[in-house]
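A.B. asks: Starting off with a structure, shown below.
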Amino acid sequence: MNPAELLPLPVVLPVSGAVLAPLAARLHRRLPLIVGLVALLAALAVLIYQATRIYRGDGRILTYFFSNERPVHGQSLGIAFVADPFGITFALLVAGIGSLLLLSALSELGHLGPRELGGLACLMQLLLAALIGAGLTGDSVNLFVWFEVAALASYGLTGFFLERPIALEAAFKNLVLTSMAGFAVFTAAAMLYATSGALNLGQLQRAGPGTPPRAQLVAIALLVAGFATKAGLMPFHAWLPDAHTPVPGAVSALFSALMVGLGVLALARYGLLVFAHVHALLHLLTALGVVSAVLGALLALVQDDLKRLLAWDTVSQTGVLVAGFASRTADGVTGGVLHLVSHGLFKALLFLCAGAVVHATGVTHLRDMGGLARTRPLLAAGFTVGCLAIAGVPPLNGYASLGLIHEGLDDQPVVLVLAVAAQIVTIAALGRAAYLGFYRRRSEPYEHLEPSRLGMRISLTVLGAGCLASGVLAPQIVSQAAGPAAALLLHPESYASAALSAAGGRVPASGVHFAYWEPKTLLLSVGELVAGIALMVTVLRVPSASRPLQWLRRAHTGSVNDYAAYAAAGFVIAAGALLA
Amino acid sequence: MIVGNYLAAAVLFCLGLACVLGRRNLIKIVMGLSLMESSTYLLLVSLAYRNKATAPVLADRPGHTSERDLVHGNVADPVLQNFCITAVVIGVAVTAVFLTVVVRVAQHYRSTDADDIRELRG
Chain V
1 MNPAELLPLP
11 VVLPVSGAVL
21 APLAARLHRR
31 LPLIVGLVAL
41 LAALAVLIYQ
51 ATRIYRGDGR
61 ILTYFFSNER
71 PVHGQSLGIA
81 FVADPFGITF
91 ALLVAGIGSL
101 LLLSALSELG
111 HLGPRELGGL
121 ACLMQLLLAA
131 LIGAGLTGDS
141 VNLFVWFEVA
151 ALASYGLTGF
161 FLERPIALEA
171 AFKNLVLTSM
181 AGFAVFTAAA
191 MLYATSGALN
201 LGQLQRAGPG
211 TPPRAQLVAI
221 ALLVAGFATK
231 AGLMPFHAWL
241 PDAHTPVPGA
251 VSALFSALMV
261 GLGVLALARY
271 GLLVFAHVHA
281 LLHLLTALGV
291 VSAVLGALLA
301 LVQDDLKRLL
311 AWDTVSQTGV
321 LVAGFASRTA
331 DGVTGGVLHL
341 VSHGLFKALL
351 FLCAGAVVHA
361 TGVTHLRDMG
371 GLARTRPLLA
381 AGFTVGCLAI
391 AGVPPLNGYA
401 SLGLIHEGLD
411 DQPVVLVLAV
421 AAQIVTIAAL
431 GRAAYLGFYR
441 RRSEPYEHLE
451 PSRLGMRISL
461 TVLGAGCLAS
471 GVLAPQIVSQ
481 AAGPAAALLL
491 HPESYASAAL
501 SAAGGRVPAS
511 GVHFAYWEPK
521 TLLLSVGELV
531 AGIALMVTVL
541 RVPSASRPLQ
551 WLRRAHTGSV
561 NDYAAYAAAG
571 FVIAAGALLA
Chain F
1 MIVGNYLAAA
11 VLFCLGLACV
21 LGRRNLIKIV
31 MGLSLMESST
41 YLLLVSLAYR
51 NKATAPVLAD
61 RPGHTSERDL
71 VHGNVADPVL
81 QNFCITAVVI
91 GVAVTAVFLT
101 VVVRVAQHYR
111 STDADDIREL
121 RG
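So the sequences go chain by chain: V and F.
With the numbering used here applied, the first sequence corresponds to residues 1 to 580, in that order.
With the numbering used here applied, the second sequence corresponds to residues 1 to 122, in that order.
Set out below in structure tokens:
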């Protein structure tokens, strides 16, 4: 069978699983987990089969037109799924990490009733299906549909534990900001269609050359505002830390490791593939990325709630990712693709550990924690591996991806300095969390400690091993997967021809190689580590050192009106920067 | 005339946004968002407008027109009208979720003031 004809399956399977899971829950309370795992693993198998055609050997791009509505004279109104190396990498990541998160969520929350388990399995699979769809689609309005499906599933997941009032508060803020983002994306897609007559991303790219009309620039600003909200870039980010705080660890992991990736993927697609000729767009994305990277890391440094701290770190990491993509150099974009995978792996690991700590002890704040390295060695090991991976300690995966991003930013010294500063603060923030939570001595024992579940232990082990393996095999991953993905993002015309032809297309050659022991990368990494540890010790010894940062925390007032105002101001700035 | 439609859509959008930014009552915030949403419907239908065109009902076209006329734009743009229907459907679903959350908030906090519901900050 032609592998392109199987392209809808990775989305159809989890959607069917989402429908079946609540029904299966009526028969037996373990069935939703089994249904979900079968659906996701089957989707993963299909994706791996297709990935072997895309990555290696012939390096093809697969295209599938729904209801066989093929383009006529280079014009297409039918929906196309285009599996390029970038999209398939994201889809593989979603299916792989998604099955692990489903396993850990449903085993840790196994004490819930069958209705709740069925609902949770349904919403998680719906979100994962939407993310896989967003990775594969080559159509601007279809991308909006997946955005909206992911958003609806995320509202459900945020408000799932309605017994906790803060979950309601978080769900409301998520709803307000994400539905505003939804209007923006949708209006933008319609305006682009009205001005260029194109829905297909390839056709949009071809309609492009020259300076776009003002209406299109407004549409691009709307797209940036919408997808930056999903990606959690400042100043559109305010929903993100709130939504991560009240939900179970596995759901936060799903939001941070995978859902935020939808925004980054869409920004990379639009910024590099579709509107490559709009130079102001890349400058705007770089600015958004750098501001988020620095401020997110600073806010993580002064945060006391463990899961909120990790959420602020997500804001910072997506900033780094977007800055890497916006550098538009082979190294930077390859690093961005690789870091999307690395961030998925280590952030899922960290959130699962944090969620397991909160679940086992009932303590949410770092000031009340401590001594967990002794009572919970597996969680401590997992959290430490995650922190070391973010810190860029060589055998782990953060070293390669951050090294490549920093190399790609070489010719923009200001951006590079800010990215390195963000990395130093990140190391300090996570080191502080690991010390206070796990390695500090605690005088009295915890009041109660829940036993940890088998499913959780399996997920933690696999994710930790994944961090190590993707770090050790980084040179191979760069040459086989991340390099071709970046090469395609840097050659928009080959994507356009593939997206407009039922026969698909070819992936251009990539010239990026990652040298593991290059002195410059190694020295930068060691320097960041030393500076980060010094900053961590300063913050721990001298608590007043973080006082100058309190204004940043005070700006996050908790009022939904203020957060909406930040997002609206962000859109006005984006539109101004593009129209100027 | 069609410029008037665009202006009306922009004014509606700004009114909705002003409501979301300025009102603390959660129900009013939801109403503001609905207003912003309706402004996108108006914008989409106006974008689909073509001078002297009929409705895009392609199955049974008026007697004096041929298929070529339809292809060359004697009907309003059906694609944008489709989007509009999609947006209406999604809007209904989102508003339902919104109101569910507001009802639960009102039950828990005995208030619908956004200023009473800000435990998560910083």
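Each residue gets a CB set at the ideal place from its N, CA and C atoms; glycine is no exception.
Can you name the residues of chain F whose CB is closer than 7 Å to the CB of V:Arg553?
C.D. replies: Residues of chain F passing the Cβ test: Gly122.
A.B. asks: Check distances from the C-beta atoms of the region 107-118 of chain F to those of chain V and list, in chain order, the residues that come in under 7 Å.
C.D. replies: Listed in sequence order: His108, Tyr109, Ala114, Asp115, Ile117, Arg118.
A.B. asks: Going along the region 557-570 of chain V in order, which residues come within less than 8 Å of chain F, judged by CB to CB distance?
C.D. replies: Under the 8 Å Cβ criterion, the region 557-570 of chain V contributes Thr557, Gly558, Ser559, Val560, Asn561, Ala564, Ala565, Ala568.
A.B. asks: Which residue's Cα is closest to the Cα of V:Leu13: V:Val38, V:Ile79, V:Arg29, V:Pro22?
C.D. replies: With distances taken between Cα atoms, V:Leu13 lies closest to V:Val38.
A.B. asks: Give the range of the alpha helix (DSSP H) segment to which V:Gly310 is assigned.
C.D. replies: Reading off the sequence, residue 310 of chain V comes out as Leu, not Gly. Here the alpha helix (DSSP H) through V:Leu310 covers 306-326.
A.B. asks: On the CB-based measure, 16 or more other CB atoms within 10 Å of its CB, does V:Asp313 come out buried or exposed?
C.D. replies: It is buried - the Cβ of V:Asp313 has at least 16 other Cβ atoms within 10 Å.
A.B. asks: Give me, in chain order, the residues of the same chain whose beta-carbon lies closer than 8 Å to that of V:Val358; leave out the 5 immediate sequence neighbours on both sides.
C.D. replies: Excluding positions up to five away in sequence, the list reads Gly249, Leu306, Lys307, Thr364.
A.B. asks: Taking 7 Å as the threshold (C-beta atoms), are V:Ser179 and F:Ala114 in contact?
C.D. replies: In this structure, V:Ser179 does not lie closer than 7 Å to F:Ala114 by Cβ.
A.B. asks: May I have the straight-line CA-CA distance separating V:Gly355 from V:Ile390, to the nearest angstrom?
C.D. replies: Rounded to the nearest angstrom, the two C-alpha atoms are 18 Å apart.
A.B. asks: Hey, V:Gly261 and V:Lys230: beta-carbon distance below 7 Å or not?
C.D. replies: Against a cut-off of 7 Å, the Cβ pair of V:Lys230 and V:Gly261 comes out as no contact.
A.B. asks: How many angstroms separate the CA atom of V:Gly78 from the CA atom of V:Pro548?
C.D. replies: V:Gly78 and V:Pro548: Cα-Cα distance of roughly 54 Å.
A.B. asks: Which whole-angstrom value describes the C-beta separation of V:Ala300 and V:Gly319, a residue pair presumed to lie in contact below a C-beta threshold of 8 Å?
C.D. replies: About 12 Å; that fails the 8 Å criterion.
A.B. asks: With a 10 Å radius around its C-beta and 16 neighbouring C-beta atoms as the bar for buried, classify V:Glu148 as buried or exposed.
C.D. replies: Buried, by the Cβ-count rule.
A.B. asks: For V:Ala502, name the three-state secondary structure that DSSP assigns.
C.D. replies: Looking at V:Ala502 - three-state DSSP - the assignment turns out to be coil, as it is neither helix nor strand.
A.B. asks: If F:Tyr41 sits next to F:Ala76, beta carbons under 8 Å apart, how far is it from one beta carbon to the other, in whole angstroms?
C.D. replies: That belief does not hold up - the Cβ atoms of F:Tyr41 and F:Ala76 are roughly 14 Å apart, past 8 Å.
A.B. asks: Do you know offhand how far V:Thr361's Cα is from V:Arg453's?
C.D. replies: When rounded, the distance between both Cα atoms is 14 Å.
A.B. asks: Whole angstroms are fine: how far does the CA of V:Phe172 sit from the CA of F:Val101?
C.D. replies: Between F:Val101 and V:Phe172, the C-alpha separation is close to 7 Å.
A.B. asks: Show which residues of chain V have a CB atom less than 8 Å away from the CB atom of F:Arg50.
C.D. replies: Those do not exist, as F:Arg50 stays about 11 Å from chain V at its closest Cβ, beyond 8 Å.
A.B. asks: In angstroms, rounded to a whole number, what distance separates the CA positions of V:Glu5 and V:Leu285?
C.D. replies: Looking at the two C-alpha atoms, the distance is approximately 35 Å.
A.B. asks: To which residues of the same chain is V:Gln604 closer than 6 Å at the C-beta, ignoring the five residues directly before and after it?
C.D. replies: Past the edges of chain V, shown from 1 to 580, lies residue 604 of chain V, and the structure says nothing about it.
A.B. asks: How should V:Asp84 be labelled, buried or exposed, when 16 other C-beta atoms within 10 angstroms of its C-beta is the threshold for buried?
C.D. replies: Buried: at least 16 other Cβ atoms inside 10 Å.
A.B. asks: Would you verify that the beta carbon of F:Met36 is, or is not, closer than 7 Å to some beta carbon of chain V?
C.D. replies: Yes, its Cβ sits closer than 7 Å to a Cβ of chain V.
A.B. asks: In whole angstroms, what is the alpha-carbon distance linking F:Tyr109 and V:Ala225?
C.D. replies: Roughly 32 Å between the two C-alpha positions.
A.B. asks: Are there 16 or more other CB atoms within 10 angstroms of the CB of V:Ala495, so buried, or fewer, so exposed?
C.D. replies: Checking the sequence shown, residue 495 of chain V turns out to be Tyr, not Ala. V:Tyr495 should be labelled buried.
A.B. asks: For V:Asp242, go through chain F and note every residue whose CB falls closer than 8 Å to its CB, in chain order.
C.D. replies: Residues of chain F passing the Cβ test: Leu120.
A.B. asks: Which partner residues does V:Asn174 have in the DSSP bridge list?
C.D. replies: According to DSSP, V:Asn174 bridges with nothing at all.
A.B. asks: May I have a chain-ordered list of the beta strand (DSSP E) segments no shorter than 3 residues that lie completely inside the region 76-138 of chain V?
C.D. replies: For the region 76-138 of chain V, whole beta strand (DSSP E) runs of length 3 or above, ordered along the chain, are 80-83.
A.B. asks: If you follow the beta strand (DSSP E) that V:Arg60 is part of, which residue opens it and which one closes it?
C.D. replies: 60-65 is the extent of the beta strand (DSSP E) around V:Arg60.
A.B. asks: Report the residues of the region 10-25 of chain F with a CB closer than 9 Å to any CB of chain V, ordered along the chain.
C.D. replies: Going along the region 10-25 of chain F in chain order, one finds Phe13, Leu17, Val20, Leu21, Gly22, Arg23, Arg24 with a Cβ nearer than 9 Å to chain V.
A.B. asks: May I ask you to list, following chain order, the residues of the region 150-172 of chain V that have a beta carbon less than 7 Å from some beta carbon of chain F?
C.D. replies: Going along the region 150-172 of chain V in chain order, one finds Leu152, Tyr155, Gly159, Leu162, Pro165, Ile166, Leu168, Glu169, Ala170, Ala171, Phe172 with a Cβ nearer than 7 Å to chain F.
A.B. asks: Per the contact definition of three or more C-beta pairs closer than 8 Å, is the region 212-223 of chain V in contact with the region 502-521 of chain V?
C.D. replies: With a cut-off of 8 Å, the region 212-223 of chain V and the region 502-521 of chain V do not count as touching, because too few Cβ pairs lie within range.
A.B. asks: Among V:Leu540, V:Ala569, V:Gln203, V:Val46, which residue has its Cα nearest to the Cα of F:Leu21?
C.D. replies: The candidate whose alpha carbon is nearest that of F:Leu21 is V:Ala569.
A.B. asks: Taking the C-alpha atoms as reference points, what is the distance between V:Ala91 and V:Pro445?
C.D. replies: Cα to Cα, V:Ala91 sits roughly 43 Å from V:Pro445.
A.B. asks: Please compile the residues from chain V whose C-beta is within a distance smaller than 8 Å of the C-beta of F:Ala93.
C.D. replies: Under the 8 Å cutoff, chain V gives Leu152.
A.B. asks: If you compare alpha carbons, which of V:Ala469, V:Phe236, V:Tyr155, V:Phe186 is closest to V:Leu583?
C.D. replies: With chain V covering only 1 through 580, there is no way to say anything about residue 583 of chain V.
A.B. asks: Is it true that the CB of F:Leu47 sits closer than 7 Å to the CB of V:Leu194?
C.D. replies: Here residue 194 of chain V turns out to be Ala, not Leu, going by the sequence shown. Going by C-beta atoms, V:Ala194 is nearer than 7 Å to F:Leu47.
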